[in-house]
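Heads up: the structure comes next, in structure tokens.
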Amino acid sequence: MIEILTPAEVRRARVSGALVADILQAMRSRATVGTNLLEIDAWTKEMIEAAGAESCYVDYAPSFGRGPFGHYICTGVNDAVLHGLPHDYALADGDLLTLDLAVSKDGIAADAAISFIVGQPKSADDVAMIEVTERALTAAIAVCRPLAKTGDLSHAIGTVLEGAGYRVNTEFGGHGIGSTMHQDPHIPNSGRPGRGYRLRPGLLLAIEPWVMLDTDELVVDDDGWTLRSATGARTAHSEHTVAITAGGAEILTLPSTP
Numbered sequence: 002m003i004e005i006l007t008p009a010e011v012r013r014a015r016v017s018g019a020l021v022a023d024i025l026q027a028m029r030s031r032a033t034v035g036t037n038l039l040e041i042d043a044w045t046k047e048m049i050e051a052a053g054a055e056s057c058y059v060d061y062a063p064s065f066g067r068g069p070f071g072h073y074i075c076t077g078v079n080d081a082v083l084h085g086l087p088h089d090y091a092l093a094d095g096d097l098l099t100l101d102l103a104v105s106k107d108g109i110a111a112d113a114a115i116s117f118i119v120g121q122p123k124s125a126d127d128v129a130m131i132e133v134t135e136r137a138l139t140a141a142i143a144v145c146r147p148l149a150k151t152g153d154l155s156h157a158i159g160t161v162l163e164g165a166g167y168r169v170n171t172e173f174g175g176h177g178i179g180s181t182m183h184q185d186p187h188i189p190n191s192g193r194p195g196r197g198y199r200l201r202p203g204l205l206l207a208i209e210p211w212v213m214l215d216t217d218e219l220v221v222d223d224d225g226w227t228l229r230s231a232t233g234a235r236t237a238h239s240e241h242t243v244a245i246t247a248g249g250a251e252i253l254t255l256p257s258t259p
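The sequence shown maps to residues 2 to 259 in the working numbering.
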């Protein structure tokens, strides 16, 4: 399903997007050495419920997971890049943490992810991976406009990631979003320009470049959810939800305060 939102629905999407961004920023500030992943999950639940919103994750049970997910935020540490299931783990100095959050308010969902170092960085590779996913996200958003195609976004992302020497997994990537969290079109993190679905005003997209340091292969944890690099290498992930407008793309998941 591909939804085209009305102007009123896009206005509601702005509220959902700002909430997602503000929660992620709050969790980033609270995620210090010694913070437990289950604390982050509990704090996220509190903020979602206080805003009168709903989690897109807690009851999420797709075919590829061992559902339902049962938690409110994805917490990926070091080699865990996608669908990180919160568990009893205290963050250590130098951990590379990815937080991925999707929330629905007033019937419209928004989705975003951030990666950052807890405490002091231990490796220049970690910093570089985070930076390259952010650059790839910026590159994709720059080509989001009516009449562009999803392949143009994929090509922009892949050009940045592959140009920096990373191998790209195209199984999981960006996606449409609206009244539900995951919709068509799929946006792989590498692809050919001029192909795919043609963008139009009212379309919401969650764009999410992610990389692993030395592989493009994933393995699944025994929890049935957490996806890790097959080599145990570190990983990074950046994501925004954007609305396609007549003039280009509006980023919906920017925090209300810097």
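Beta carbons: idealized from backbone N, C-alpha and C, even for Gly.
Query	Result
DSSP state of A9, grouped into three classes?	helix
Within 10 angstroms of its Cβ, does I3 collect 16 or more other Cβ (buried), or is it exposed?	exposed
Jot down the residue ranges of each uninterrupted beta strand (DSSP E) in the stretch 60-148, minimum 3 residues, whole runs only, in chain order.	75-78, 81-83, 97-106 and 109-118
Taking the CB atoms as reference points, tell me whether G197 and P186 lie closer together than 8 Å.	yes
Nearest-angstrom Cα distance between T227 and H84?	5 Å
For A125, is the classification buried or exposed, using 16 other Cβ atoms within 10 angstroms of its Cβ as the cut-off for buried?	exposed
My understanding is that T246 touches A111, with C-beta atoms under 8 Å, so please give their C-beta distance in whole angstroms.	T246 to A111, Cβ: 16 Å. No contact.
Taking the runs of the beta strand (DSSP E) that are 3 residues or longer, which of them lie wholly in the stretch 34-60?	none
Taking a contact to mean a Cβ-Cβ separation below 8 Å, would you say L214 touches A234 in this structure?	yes
On a CA-only basis, which of L25, L98 and F65 is nearest D222? Give me that one, please.	F65
How is G175 classed by DSSP in three states: helix, strand or coil?	strand
Is the stretch 138-145 touching the stretch 163-172 in the sense that three or more CB pairs, one from each, lie closer than 8 Å?	no
Count the other C-beta atoms from every protein chain shown that fall within 10 angstroms of the C-beta of T134, then say buried if there are 16 or more, exposed otherwise.	buried
For the alpha helix (DSSP H) that V220 lies in, which residues bound it at each end?	No alpha helix (DSSP H) holds V220; the beta strand (DSSP E) holding it covers L219 to V221.
Using CA coordinates, which residue listed in G175, E132 and S191 is at the minimum distance from H156?	S191
Mapping the DSSP letters down to three states, classify E209 as helix, strand or coil.	coil
Along the beta strand (DSSP E) that carries S230, what are the first and last residues, could you check?	L228 to S230
When you compare the CB positions of V82 and G71, do they come within less than 8 Å of one another, or not?	no
Since I believe P194 is in contact with D153 (beta carbons under 8 Å), could you give me their beta-carbon distance rounded to a whole number of angstroms?	5 Å
Looking at the C-beta of S257, does it have a partner C-beta in chain C at a distance below 8 Å?	The structure shown contains no chain C; it is built from a single protein chain.
Rounded to whole angstroms, what's the CA-CA distance from L138 to G175? Just pull it up for me.	10 Å
So, under 8 Å CB-CB, A54 and S116 are touching, yes? Tell me the CB distance rounded to an integer number of Å.	Not really, about 23 Å apart at Cβ, beyond 8 Å.
Consult DSSP for T242 and reduce its assignment to one of helix, strand or coil.	strand
I think G1 touches R13, with their Cβ atoms under 8 Å apart; what is that distance to the nearest whole Å?	Summary: the structure shown does not reach residue 1, with the chain confined to residues 2 through 259, and so no result is reported for it.
For A250, which residues from the same chain have a beta carbon less than 6 Å from its beta carbon, with the 5 sequence-adjacent residues on both sides left out?	I142, C145 and V243
So L95 and G120 are in contact, right, with Cβ under 8 Å, and what is the actual spacing, rounded?	Just to set this straight, residue 95 is Gly in the shown sequence, not Leu. Indeed, because the Cβ distance is near 6 Å, the residues count as touching under 8 Å.
Put T236 into one of helix, strand or coil per three-state DSSP.	strand
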